[in-house]
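Chains as they are written, first to last, in this note's numbering: chain A, -15 to 291; chain B, 2 to 306.
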């Protein structure tokens, strides 16, 4: 009797459990899993939405991967953007976190101020930076002139400076990784520092030998999320430069948008989406794979010895 | 006793100790001064673009185009804010109303749907739970760009393009993987005893969630509220592809219209900066009020991730 009651309770709980996650699962199938497969199928077609799709095999991929294509240009832009901005803003976030971890007064105020650029995002900030980079009257060139007496470049209209301009703008929003670093630094046990100090390790040595190894999991977290976001950059490139000058800031997301929603080439754009998807997954896996060599997990030290 | 003894010991070696500590203190004072100087300079660089934005928003269009710039406008053009909201042909009242409707309904969706899914993952035992949680985690990491085109086609098929539905409905379907994750992590830190007690008293699972678990999870609630509000308020890509009728535009889309409205090649910077400040304002206000919880929530999501 008791056994049957118990079993029916467990069954009830199982049914309830599934019921409660059902909305999420429905969303997952309809808006994520389904679309991923659908976009792979679409990538094999030519489709302008108005007429029925036409199966064309791998033609889209073949066209995209032609040497010198816009797609390659977009991958180059996206890669440079991600590979410069992610390390730069991770390092800056860590440096600022170390600064603020020095038992400074008014920590909350400073943290708020440094985080502020990261709260506002989107179009309003994009316009703000477009104005900051104005060649004749902008803030950027005023700072360069005032501090260093350098006549700044024409930033957004100069093919060499447009992409660096967007990268600098991205580095400015280092708030989220900074807050996460700050918390992880506060979690580093004081005794380890004291022990290292007694052993005669200086501040720099202590950072590299004690602090940094302990927070490598957080570095991995910040780098991974930063990389995935940077490889999908869109709004800044769309608003500030619209891919120009001369495709110097044509990110892959912008190229995808132009093809799908301006030229109505849904099949072609789906192929772009899939290639970008594979690229992001490959880079993420690469980061994860490499992390085995540089991320230190406290709980896995014993197992490390066995390997 | 021990204190007294060590005191007298230091008094014994008074003169060399004092000079050493004086130079040591000076050095420490110096390094503290450098530390604060660096922190202040860094903060100035973080705030400079905002100051610039405010300064431009309070200038005449002509004064905006001077080099070196005039930082404190004379006279201060408070009227720019009103002017930027009343550009002919750009009903910003409607744009704000649209944005508020979308943000409120999507935010509500996140706040209703995510805790329910999270509660099931944190508290109920059912076969396949770990696999579903793994899916949630994978979804957070998944680059969403690959889903955009089929999603658009799906919503178009339902006749929902040029409505708010594609911007709101996804929030109600499970509340977003990241929010689910954040709530689950927080629920796991709460004691189970209260749930069990309420269950014995005959409370249903949803009652327990709404009356006991959620009220105890205020940091998570505040964090998801801020994240979700900021996300939907600032969102640009989804409104850009789903809304083409100008009367349905959000404030983000409307900002791009200001640029097109001006006849000259360059945007009218004074009005554009004033309008963009107004668009940012709700986010800034919310951040200042919720920042303590907000930061705790980011930390929670980051560290456990």
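In this text, a Cβ means the ideal position worked out from N, Cα and C, and glycines have one as well. All values derive from a computational prediction rather than experimental measurement.
message: I need the boundaries of the alpha helix (DSSP H) containing residue 154/A, first residue and last residue.
response: 146 to 156
- request: Tell me, please, whether the CB atom of residue 250/A is closer than 7 Å to any CB atom in chain B?
  value: yes
query: Residues of chain A with a CB under 8 Å from the CB of residue 152/B: which are they?
result: 15, 19
Listed by chain order, chain B residues near residue -3/A by CB distance under 8 Å: 125, 126, 127
field: Per DSSP, the bridge partner or partners of residue 46/B
entry: For residue 46/B, which the question treats as bridged, DSSP gives no partner whatsoever.
- prompt: Where do the N-terminal and C-terminal ends of the alpha helix (DSSP H) with residue 60/A fall, by residue?
  reply: 54 to 84
message: Spatial neighbours of residue 268/A within its chain, please: C-beta separation below 8 Å, excluding the five flanking residues on both sides.
response: 208, 211, 212
query: Do residue 7/A and residue 175/B have their C-beta atoms closer together than 7 Å?
result: yes
Anticipated Cβ contact below 8 Å, residue 252/B with residue 103/A, distance rounded: Actually they do not touch by this definition, with Cβ atoms about 16 Å apart.
message: Taking the alpha carbon of residue 173/A as the reference point, which residue from 260/A, 274/A, 197/A has its own alpha carbon closest?
response: 197/A
Residues of the segment 86 to 107 of chain A whose Cβ lies closer than 8 Å to any Cβ of chain B, in chain order: 86, 88, 92, 94, 95, 96, 97, 98, 99, 100, 101, 103, 104, 105, 106, 107
message: Quick check: residue 118/B and residue 5/A, are their CB atoms within less than 7 Å of each other?
response: yes
- prompt: Is residue 218/A closer than 7 Å to residue 234/A when the C-beta atoms are compared?
  reply: no
message: Assuming the contact rule is C-beta atoms closer than 8 Å, residue 112/A and residue 274/B should be a hit. Round their C-beta distance to whole Å, please.
response: 7 Å
Runs of alpha helix (DSSP H) wholly within the segment 175 to 212 of chain A (minimum 4 residues, chain order): 187 to 190
field: Coarse secondary structure for residue 89/A, derived from DSSP in three states
entry: coil
- prompt: Within 7 Å (strictly less), CB to CB, does residue 281/B reach chain A?
  reply: yes
field: Whether residue 21/A touches residue 30/A by CB criterion (7 Å)
entry: no
message: On the criterion of 16 or more Cβ atoms from any shown chain inside 10 Å, does residue 90/A qualify as buried, or is it exposed?
response: exposed
message: Comparing C-alpha positions only, which one of 180/B, 185/B, 108/B, 101/B sits nearest to residue 308/B?
response: Outside the displayed span of chain B (2 to 306) sits residue 308/B, for which this structure offers no information.
- prompt: At a Cβ cut of 8 Å, what residues of the segment 210 to 225 of chain B count as close to chain A, listed as they run along the chain?
  reply: none
message: Using C-beta distances below 7 Å, list every residue in its chain close to residue 103/B, excluding the 5 sequence neighbours before and after it, in chain order.
response: 165, 168, 169, 233, 251
- prompt: If you check the beta carbons only, do residue 172/B and residue 111/B fall under 7 Å apart?
  reply: yes
Residue 68/B versus residue 181/B - alpha carbon distance: 50 Å
query: So, using beta-carbon positions, are residue 215/A and residue 53/B closer together than 7 Å?
result: no
field: Own chain partners of residue 230/A with C-beta closer than 8 Å, once the 5 adjacent residues on each side are dropped
entry: 143
- prompt: For residue 290/B, which residues from the same chain have a beta carbon less than 7 Å from its beta carbon, with the 5 sequence-adjacent residues on both sides left out?
  reply: none
- prompt: Just how far apart, CA to CA, sit residue 57/B and residue 18/A?
  reply: 47 Å
query: Tell me which same chain residues have a C-beta within less than 8 Å of the C-beta of residue 88/A, skipping the five on either side of it?
result: 94
task: Indicate the three-state DSSP secondary structure (helix, strand or coil) for residue 119/A in the structure shown.
output: coil
field: Interface partners of residue 307/A on chain B, CB under 7 Å
entry: The displayed coordinates of chain A run from -15 to 291. Any statement about residue 307/A would go beyond what the structure contains.
- prompt: So which of 229/B, 120/B, 269/B, 98/B has the shortest CA-CA distance to residue 211/B?
  reply: 120/B
- request: Mind reading off the beta-carbon distance from residue 1/B to residue 268/B? Whole number of angstroms is fine, and I expect it under 8 Å.
  value: Any answer about residue 1/B is impossible in this case: the structure gives chain B only from 2 up to 306.
field: Contacting residues, own chain, Cβ-Cβ under 7 Å from residue 98/A (five flanking each side not counted)
entry: 80, 159, 162
- request: To the nearest angstrom, report how far apart residue -7/A and residue 168/A are at their CA atoms.
  value: 42 Å
task: Verify whether the separation of the beta carbon atoms of residue 255/B and residue 96/B is less than 7 Å.
output: yes
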